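S.K.: As given, the protein sequences belong to chains P and F, one line each in that order.
Each position in the first sequence, counted from 1, maps to that position plus 14 in this note's numbering.
Each position in the second sequence, counted from 1, maps to that position plus 4 in this note's numbering.
All residues carry an ideal CB built from backbone N, CA and C; glycine is no exception.
Being a predicted model, the structure only gives us computed values, none of them experimental.
First the structure, which I've put down as structure tokens, then a few questions once you've had a look.
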Amino acid sequence: DAGITQSPRHKVTETGTPVTLRCHQTENHRYMYWYRQDPGHGLRLIHYSYGVKDTDKGEVSDGYSVSRSKTEDFLLTLESATSSQTSVYFCAIRVASNEQYFGPGTRLTVT
Amino acid sequence: LAKTTQPISMDSYEGQEVNITCSHNNIATNDYITWYQQFPSQGPRFIIQGYKTKVTNEVASLFIPADRKSSTLSLPRVSLSDTAVYYCLVGPSGSARQLTFGSGTQLTVLP
């Protein structure tokens, strides 16, 4: 199994505060992704990375930024959290063509 | 982007074969069809991928007719542990932005 961890696993924060979620992989895969999942919806792509310092926007990127300074780490930052960003966030790595391996998820609540 | 349509939910009984059909009328020539499974509170898990005809692995079979406008995921002899949401995705190989998770099909396996 691909090694992928997310931290924190749960977080409660207040509106307007910055939040950073971390995704860490142990297998040197080039492509990494951040998704959010909300009740009644499938997963929606926020941002993705195709290498160190190479990132691009997904379909719901507003209000989020990402950074990838090392192959193994992909950070998602909410500069000023809003209640609409309450969600479950999943990180994924691409292990083969169209095959992504997902992390355990981070449940974020913005009050 | 190829839009996919799946049933919202399906029920089955243990031991039965389950077939979940996905419609993708505007699939492009270079698109692949990929299925994922998601259990509650977990990230999606890759099940199977195909381009045409039939693909089989240890978990499922994927049937794709010649016109490729639909596909059917077949789960043989389901058990209670197969209760999950199943997503059909259509997109070209290797492109993050063109893999879209819809709402999926909630499969409930009954005893």
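Just the chain P side, please: which residues come within less than 7 Å of SER13 (chain F) by C-beta, in chain order?
M.R.: Here residue 13 (chain F) refers to the residue found at position 9 of the second sequence. Under the 7 Å cutoff, chain P gives no residues; its nearest Cβ is about 12 Å from SER13 (chain F).
S.K.: If TYR103 (chain P) sits next to LEU122 (chain P), beta carbons under 8 Å apart, how far is it from one beta carbon to the other, in whole angstroms?
M.R.: The sequence position of residue 103 (chain P) within the first sequence is 89, counting from 1. The sequence position of residue 122 (chain P) within the first sequence is 108, counting from 1. Right, the Cβ-Cβ distance comes to about 6 Å (below 8 Å), so this counts as a contact.
S.K.: Are the C-beta atoms of TYR91 (chain F) and some chain P residue less than 8 Å apart?
M.R.: To locate residue 91 (chain F), count along the second sequence from 1; it is residue 87. Output row for TYR91 (chain F): interface = yes.
S.K.: Roughly how many whole angstroms lie between the Cα atoms of SER27 (chain F) and THR31 (chain P)?
M.R.: Within the second sequence, the letter at position 23 stands for residue 27 (chain F). Within the first sequence, the letter at position 17 stands for residue 31 (chain P). Spanning the two alpha carbons is a distance of roughly 42 Å.
S.K.: Count the other CB atoms within 10 Å of the CB of ASN112 (chain P); is the residue buried (16 or more) or exposed (fewer)?
M.R.: The count along the first sequence starts at 1 and reaches residue 112 (chain P) at position 98. The residue in question, ASN112 (chain P), is buried, as its Cβ has 16 or more Cβ neighbours within 10 Å.
S.K.: Closer than 7 Å by beta-carbon distance: list the chain P residues that pair up with THR38 (chain F), in chain order.
M.R.: On the second sequence, position 34 is the one that residue 38 (chain F) refers to. Residues of chain P passing the Cβ test: ASN112.
S.K.: Determine, using beta carbons only, whether MET46 (chain P) and SER63 (chain P) come nearer to each other than 8 Å.
M.R.: As a position in the first sequence, residue 46 (chain P) is number 32, starting the count at 1. As a position in the first sequence, residue 63 (chain P) is number 49, starting the count at 1. Contact: yes.
S.K.: Mind the definition here: the segment 13 to 22 of chain F touches the segment 102 to 112 of chain F only if three or more C-beta pairs lie below 8 Å; say whether that holds.
M.R.: With a cut-off of 8 Å, the segment 102 to 112 of chain F and the segment 13 to 22 of chain F count as touching, because enough Cβ pairs lie within range.
S.K.: Hey, could you find the ends of the beta strand (DSSP E) GLY77 (chain P) is sitting in?
M.R.: Mapped onto the first sequence, residue 77 (chain P) falls at position 63. Careful: GLY77 (chain P) lies outside any beta strand (DSSP E) and carries neither H nor E.
S.K.: Buried or exposed for SER75 (chain F), please, with buried defined as at least 16 other CB atoms from any protein chain shown within 10 angstroms of its CB.
M.R.: Position 71 of the second sequence, counted from the start, is the residue given in the question as residue 75 (chain F). Result: buried.
S.K.: Ordered along the chain, which non-local residues of its own chain (more than five positions away) have a Cβ less than 7 Å from that of ALA88 (chain F)?
M.R.: By one-based count along the second sequence, residue 88 (chain F) stands at place 84. The residues are GLN41, GLN42, PHE43 and LEU111.
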